[in-house]
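Read through the structure below, which is laid out as structure tokens, and then see the notes.
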Amino acid sequence: MKHRFVHIRPLWMIVMVTLLVLLAGCGTQNGMDPISADTSGFFNHYLVYPFSTVIKTVASWFNDSYGVSIIIITLLIRLALFPLMKNQYKRQAVMKEKMNKLKPEMEPVQEKMKKAKTTEEKATAQKELMQLYQTHDVNPMAALGGCLPMLLQMPILIGFYYAIRRTGEIGTHTFGWFSLGHPDLVMTLLAMAVYFIQARVSMSGMDEVQRKQMAMFAYISPIMIGFVSFAAPAALPLYWCVGGLFMIAQTLLLKKLYNPSSSDEQSVSSVQTEHSK
Numbered sequence: 001m002k003h004r005f006v007h008i009r010p011l012w013m014i015v016m017v018t019l020l021v022l023l024a025g026c027g028t029q030n031g032m033d034p035i036s037a038d039t040s041g042f043f044n045h046y047l048v049y050p051f052s053t054v055i056k057t058v059a060s061w062f063n064d065s066y067g068v069s070i071i072i073i074t075l076l077i078r079l080a081l082f083p084l085m086k087n088q089y090k091r092q093a094v095m096k097e098k099m100n101k102l103k104p105e106m107e108p109v110q111e112k113m114k115k116a117k118t119t120e121e122k123a124t125a126q127k128e129l130m131q132l133y134q135t136h137d138v139n140p141m142a143a144l145g146g147c148l149p150m151l152l153q154m155p156i157l158i159g160f161y162y163a164i165r166r167t168g169e170i171g172t173h174t175f176g177w178f179s180l181g182h183p184d185l186v187m188t189l190l191a192m193a194v195y196f197i198q199a200r201v202s203m204s205g206m207d208e209v210q211r212k213q214m215a216m217f218a219y220i221s222p223i224m225i226g227f228v229s230f231a232a233p234a235a236l237p238l239y240w241c242v243g244g245l246f247m248i249a250q251t252l253l254l255k256k257l258y259n260p261s262s263s264d265e266q267s268v269s270s271v272q273t274e275h276s277k
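The letter at position 25 of the sequence shown is residue 25 when you use the UniProt record's numbering, and the numbering goes up by one with no holes.
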């Protein structure tokens, strides 16, 4: 149970990337056939095909530039998801502010919890802690709310991923120096670098425990992206590069808007750790 709340966000980020890579590697040849209005399946009909249609429509506005189309749609999707991420950061900032104000009152209770030897002593200290939470309107389970934006964006991002894979016209066009329909080593390396930087930016301002947990993600994420991109059409690492760059900018902006002090971060981590023991 130790550090359970601290681990939630890093673990969910790893799960998201892992799921996306598994989906990328598990598609059969039939499953990657060009999408059309007649393709069966709820997911294909309501997400993949509409995204494919939008990709072709936007490309037609820019002289059939499917690279530009992928960039524009990726940015629009990320902008549409931005309010979810902003609200999540705002909730976290409010929680951290409450925890910081509560810290002087909680330190004696935390000390009791550390020294408690019997079940009764632990239960008494736990009750005191919960009373403090209730008095100051603090919900330690609010950390679980950070998973919701990630869950909501998964179908959208996966649907767009498959739309890129299954829009046949993309593979016949080039963008810049590379063919969108063939693997490109430079784009693969760029995608890996972007996701490594994105993970490092996300780690800034975290306490020591959270940084250690995120350190694994900082390496797993780009490795997985590189593994898939190495044999995938270059349209995919282009999509991941644009999305990753947006997330870097988004993280920097939100950290500037809702930037808790390092003491606040440590307070939250300490309280959540004690509560989960």
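Glycine is no exception: its CB is placed at the ideal position from the N, C-alpha and C atoms.
Remember, predicted model here, so these are calculated numbers, not experimental data.
For residue i, three-class secondary structure by DSSP
i, result
"N30", "In this prediction, N30 has a pLDDT of 46, which is less than 50 and means its spatial position is unreliable; what the coordinates show is noted afterwards. Looking at N30 - three-state DSSP - the assignment turns out to be helix."
"F230", "coil"
"T118", "coil"
"F175", "strand"
"L257", "helix"
"T39", "coil"
"S60", "helix"
"S65", "coil"
"P183", "coil"
"F139", "Checking the sequence, you will find Asn at residue 139 rather than Phe. Three-state result, N139: coil."
"S204", "coil"
"T188", "helix"
"T74", "helix"
"T251", "helix"
"T167", "coil"
Straight-line gap, residue i to residue j (C-alpha atoms, nearest Å)
i, j, result
"L238", "G67", "8 Å"
"S36", "F43", "13 Å"
"Q92", "A218", "22 Å"
"T28", "A231", "Residue placement at T28 is flagged as unreliable, the pLDDT there being 42, under the threshold of 50; a coordinate-derived value is accordingly withheld."
"T172", "Y89", "41 Å"
"T167", "P34", "6 Å"
"Q250", "F82", "8 Å"
"G41", "N100", "50 Å"
"M247", "D38", "35 Å"
"V74", "I220", "According to the sequence as given, residue 74 is Thr; it is not Val. One C-alpha to the other measures close to 23 Å."
"E121", "S229", "55 Å"
"Q131", "M106", "11 Å"
"A191", "V54", "24 Å"
"A193", "P222", "7 Å"
Cβ separation of residue i and residue j, assumed to be a contact under 8 Å, to the nearest whole Å
i, j, result
"A234", "F51", "About 18 Å; that fails the 8 Å criterion."
"I72", "V94", "Contact flag wrong, Cβ pair sits at about 34 Å."
"V109", "A125", "6 Å"
"L47", "G159", "3 Å"
"I170", "L180", "5 Å"
"S204", "M214", "No, S204 and M214 are not in contact; Cβ-Cβ is about 10 Å, not under 8 Å."
Any non-hydrogen atom of the ligand ATP closer than 8 Å to residue i Cβ
i, result
"S204", "Ligands in the displayed structure: none, and consequently the ligand ATP is not present."
How do the segment 185-204 and the segment 108-127 stand: do at least 3 beta-carbon pairs fall below 8 Å, yes or no?
Not touching, per the Cβ criterion.
Just checking, does the segment 240-250 make contact with the segment 65-85 on the three C-beta pairs under 8 Å criterion?
Yes, the segment 240-250 touches the segment 65-85.
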